[in-house]
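Going line by line, the protein sequences match chains X and W. Numbering-wise, the working numbering comes out as the position in the first sequence, counting from 1, plus 3. Numbering-wise, the working numbering comes out as the position in the second sequence, counting from 1, plus 33. Don't be surprised by glycine CBs; every beta carbon is placed ideally from N, CA and C. This one's a predicted model, so the numbers in the text were calculated from it and none came from an experiment. The next block holds one structure in the form of structure tokens; read it before the comments.
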Amino acid sequence: MRRVGLPVALIVVLVVLSYTLPTSRLLVLENVLALALFAVATNLLLGYGGLVSFGQASFYGLGAYVVAASWAHYKTPFWVAFILAPVAGAVLALVVGALALRTRRLYFALLTLAFSQLFFTVAEKWYGFTQGDNGIFGTMIPSKLAEPQAGFLFVLAVTVIAMLILWKVTESPFGLTLRAIRENRERAEALGVNVYWHQLLAFIISGAFCALAGVLFVVHDQAAYPQLLDWTKSGDPVLVSVIGGMYTFLGPAVGALVYQYGHDLIIEYTTHWQLVLGIVLLAIVLFVPDGLAGLFSLAGWRRAGARVRSILRRQAEVG
Amino acid sequence: MGVLLETHGLVKAFGGFHAVDNVDLVVNDGEIRSVIGPNGAGKTTLFNVVTGHLRPTHGHVRFAGEDITGKSPHTVTRHGLARAFQITNVFPRMTVLESVQCAVLARRRRTSDFVTWYHRSARDAAMEVIEAVGLVEVAEQEARTLSHGDQRALEVALALATGPRLLLLDEPTAGMSPWETERTVELVRDLARARGLTVLFCEHDMNVVFAISDRITVMHQGRVIAEGVPEEVRQNEEVVRVYLGDQV
């Protein structure tokens with residue numbers, strides 16, 4: 004009951020906020036939702052699969068471009084593109100994953116990075132289709148969704164449904180097996196698990212939902228441009244997952260919230276937002292490796308306290 | 034009793050060094066077979082070749098009448114040959130129950146099912162295995178919090194849960210207390226007698242070897258130098274010279 008109660012309460016709060024918040028603030032929250040879905044989808048690989056992919060922006064950007072380019076060239080209705088985008092994400096993930104998953108750890112991370120740079124270049128140079136650096140702008144979403152509140156509620160609904168599906172995946176035999184592979188790849192293999200196939204499946208699912216997050220971005224911005232596929236964009240969901248906690252399902256969503264509002268708060272005082280981000284990341288990796296979501300329980304605070312003490316003690320011994 | 038596992042002219046060479054050198058091993062259905070020999074005799078390499086973790090340089094491995102030479106570890110496991118590892122090799126952040134459930138699901142080929150709930154699937158089958166190895170009390174604990182002996186028991190449970198016909202144990206009592214060793218001996222005996230499992234294991238504790246083996250294979254420098262029932266092996270002069278010495 005506790006596991007269901009909190010998310011339901013959160014959804015209710017968000018719906019209420021959509022009626023009360025001014026438009027500018029509502030749009031920020033919409034951004035958080037899209038980033039949260041992007042991060043939770045990426046975390047299927049990162050936290051559950053133990054696979055560090057630095058190329059998830061490829062799928063995010065693809066999702067955005069499917070909507071924008073199909074609108075610009077074929078006048079495809081938004082709803083068709085909305086269905087098409089995750090399918091395209093899955094297909095691209097199948098191709099990238101099939102190759103990248105032949106390698107492990109650092110090489111896997113580098114290959115996903117290389118692929119994402121490749122797609123970034125395509126988006127930038129294929130001017131005829133993507134309009135290059137300028138990007139594609141325009142009224143590519145139904146006018147109803149262009150209204151702030153309706154748009155927000157749509158993004159909220161898609162995010163909630165997508166997360167429910169992803170949660171179901173993590174709680175299934177497949178999700179359990181994915182964790183086993185993360186914990187000990189060789190042992191899982193010895194149990195008769197086809198590691199490659201399971202990782203590929205996770206990569207495809209993640210790719211599809213990252214593309215869906217890209218569609219949500221379009222609902223928010225009504226645009227698609229090459230920066231969406233940039234490798235720094237791939238870094239976002241990874242950072243957010245680490246901040247929020249990659250071993251809990253909603254940890255990355257918490258991270259997305261903190262990241263967005265932290266960013267907005269800090270740039271009011273200083274332009275050195277990256278510096279603060281670096282310090283926060285450092286503190287989290289050192290003191291709360293389970294992420295901020297780990298601090299939702301008393302045991303999490305105790306563990307963090309014990310870590311701080313042990314690090315201080317070691318420092319005292321060294322000094 | 035038929036032949037369950039058979040290797041024919043098995044060679045594994047690393048460069049010029051023959052770690053396993055022309056080994057013909059025949060393990061009958063239902064027997065408890067131990068492989069002994071000094072460190073570096075090639076026991077673990079032999080196991081690695083049999084389970085597909087290493088590809089043999091020459092020779093064949095047959096299991097239950099099928100050629101499994103050079104097949105991948107997960108395919109070999111699906112043929113019914115499961116392995117418990119020498120180094121404790123479990124899933125640290127997963128509970129005992131979750132780990133064994135995963136093994137049961139692997140046996141049922143249901144690991145890529147993402148429609149049902151894992152905590153309902155395979156629960157009963159997993160608990161039965163957990164009970165057999167005596168881990169019921171710690172079933173909800175994460176593997177990383179278990180004692181060494183319990184982790185080894187989990188190791189055996191994982192292998193068992195894949196529903197094998199042959200259980201391959203790599204030094205099952207290494208690093209165990211006398212009490213834990215005794216428990217393991219009882220367990221292996223019970224598995225072979227009550228469940229009709231065939232057990233192939235290597236071990237340095239000669240008390241364990243002579244207590245439970247039906248037959249013993251002795252390896253030295255990659256070759257099999259003797260094979261027989263415990264009494265024959267104990268009296269074999271070459272075995273005494275290269276390995277047993279004054280151990281028995």
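Give the straight-line distance between the Cα atoms of residue i and residue j, rounded to the nearest whole angstrom.
i, j, result
"E265 (chain W)", "V241 (chain W)", "17 Å"
"M4 (chain X)", "P10 (chain X)", "Only weak support is given to the placement of M4 (chain X): the predicted model assigns it a pLDDT of 44, under 50, and the question is left unresolved by the model."
"V251 (chain W)", "E189 (chain X)", "28 Å"
"Q119 (chain W)", "L87 (chain X)", "50 Å"
"L20 (chain X)", "Y68 (chain X)", "30 Å"
"D239 (chain X)", "F57 (chain X)", "9 Å"
"T235 (chain X)", "Q184 (chain W)", "42 Å"
"R66 (chain W)", "E39 (chain W)", "13 Å"
"H181 (chain W)", "T128 (chain W)", "15 Å"
"Q388 (chain X)", "L278 (chain X)", "Absent from the structure is residue 388 (chain X), since the part of chain X shown begins at 4 and ends at 322."
"G64 (chain X)", "T195 (chain W)", "42 Å"
"R310 (chain X)", "F290 (chain X)", "6 Å"
"L202 (chain W)", "Q174 (chain W)", "24 Å"
"I314 (chain X)", "W304 (chain X)", "15 Å"
"R116 (chain W)", "Y77 (chain X)", "57 Å"
"G308 (chain X)", "G248 (chain X)", "17 Å"
"H51 (chain W)", "M209 (chain W)", "31 Å"
"A172 (chain W)", "H201 (chain X)", "26 Å"
"F243 (chain W)", "A256 (chain X)", "58 Å"
"V83 (chain W)", "E186 (chain X)", "24 Å"
"L38 (chain X)", "L54 (chain X)", "19 Å"
Please go through the same chain and pick out, in chain order, the residues whose beta-carbon is closer than 6 Å to the beta-carbon of residue i, but skip the five residues on each side of it.
i, result
"K104 (chain W)", "G85"
"E260 (chain W)", "T250"
"V288 (chain X)", "none"
"R88 (chain W)", "G103"
"L40 (chain X)", "T162, A165 and A216"
"N81 (chain W)", "L87"
For a contact meaning CB atoms closer than 8 Å, what does residue i contact in chain X?
i, result
"L138 (chain W)", "P176, L179 and T180"
"P125 (chain W)", "E186 and N187"
"R116 (chain W)", "A193"
"S210 (chain W)", "Result: empty, since nearest Cβ-Cβ is about 24 Å, beyond 8 Å."
"S154 (chain W)", "P176"
Which residues in chain W sit within 7 Å of residue i, going by Cβ to Cβ distance?
i, result
"G52 (chain X)", "Those do not exist, as G52 (chain X) stays about 13 Å from chain W at its closest Cβ, beyond 7 Å."
"N137 (chain X)", "Result: empty, since nearest Cβ-Cβ is about 40 Å, beyond 7 Å."
"D194 (chain X)", "The sequence shown places Leu at residue 194 (chain X), not Asp. Within chain W, the residues near L194 (chain X) are T110, C135, A136, A139, L191 and T195."
"N34 (chain X)", "Under the 7 Å cutoff, chain W gives no residues; its nearest Cβ is about 29 Å from N34 (chain X)."
Please state if the CB of residue j and the CB of residue i are separated by a distance shorter than 8 Å.
i, j, result
"L233 (chain W)", "L224 (chain W)", "no"
"A214 (chain X)", "L181 (chain X)", "no"
"A159 (chain W)", "V133 (chain W)", "yes"
"I144 (chain X)", "F81 (chain X)", "yes"
"T108 (chain W)", "V196 (chain X)", "no"
"L17 (chain X)", "L159 (chain X)", "yes"
"P205 (chain W)", "E164 (chain W)", "no"
"R226 (chain W)", "I245 (chain W)", "no"
"L109 (chain X)", "V161 (chain X)", "no"
"G258 (chain X)", "G294 (chain X)", "yes"
"A176 (chain W)", "V218 (chain W)", "no"
Can you find the residues in the same chain that come closer than 8 Å, C-beta to C-beta, to residue i, ignoring five residues on each side of it along the sequence?
i, result
"V283 (chain X)", "I246 and G265"
"V257 (chain W)", "V56, D57, L58, T250 and V251"
"V272 (chain W)", "V251, I258, A259 and V266"
List, in order along the chain, the chain W residues whose C-beta lies closer than 9 Å to that of residue i?
i, result
"V90 (chain X)", "Neighbours of V90 (chain X) on chain W: none; closest Cβ ~17 Å, over 9 Å."
"L204 (chain X)", "S145 and F147"
For residue i, which residues in chain W fall below 8 Å Cβ to Cβ?
i, result
"W200 (chain X)", "S145"
"V172 (chain X)", "F147"
For a contact meaning CB atoms closer than 9 Å, what does residue i contact in chain X?
i, result
"N122 (chain W)", "N187, E189, R190 and A193"
"E131 (chain W)", "L179, R182 and A183"
By the criterion of Cβ-Cβ separation under 7 Å, what are the contact partners of residue i in chain X?
i, result
"P205 (chain W)", "Neighbours of P205 (chain W) on chain X: none; closest Cβ ~15 Å, over 7 Å."
"H107 (chain W)", "E192, G195, V196 and N197"
"Y151 (chain W)", "E174, S175, P176, G178 and L179"
CB-CB under 7 Å to residue i, same chain, minus the five flanking residues each way: which ones, in chain order?
i, result
"G210 (chain X)", "F62, G92, A93, L95 and A96"
"D233 (chain X)", "A60 and F123"
"P151 (chain X)", "T26, L29 and L30"
"L138 (chain W)", "T144, S154 and A155"
"A186 (chain W)", "V166, G167 and L168"
"K76 (chain W)", "V68, G70, C235 and M252"
"V162 (chain W)", "V133, A190, L193 and A194"
"Y199 (chain X)", "L104"
Are at least three pairs of beta-carbons, each pair with one atom in the segment 176-196 of chain X and one in the segment 146-155 of chain W, less than 8 Å apart? Pairwise C-beta distances place the segment 176-196 of chain X in contact with the segment 146-155 of chain W, as three or more of them are shorter than 8 Å.
Would you say the segment 92-112 of chain X touches the segment 13-30 of chain X, given that touching needs at least three Cβ pairs under 8 Å? no
Taking three-plus beta-carbon pairs below 8 Å as touching, is the segment 113-124 of chain X in contact with the segment 166-173 of chain X? The segment 113-124 of chain X makes no contact with the segment 166-173 of chain X, as fewer than three CB pairs between them are under 8 Å.
Does the segment 222-240 of chain X come within contact of the segment 133-148 of chain X, defined as at least 3 CB pairs closer than 8 Å? yes
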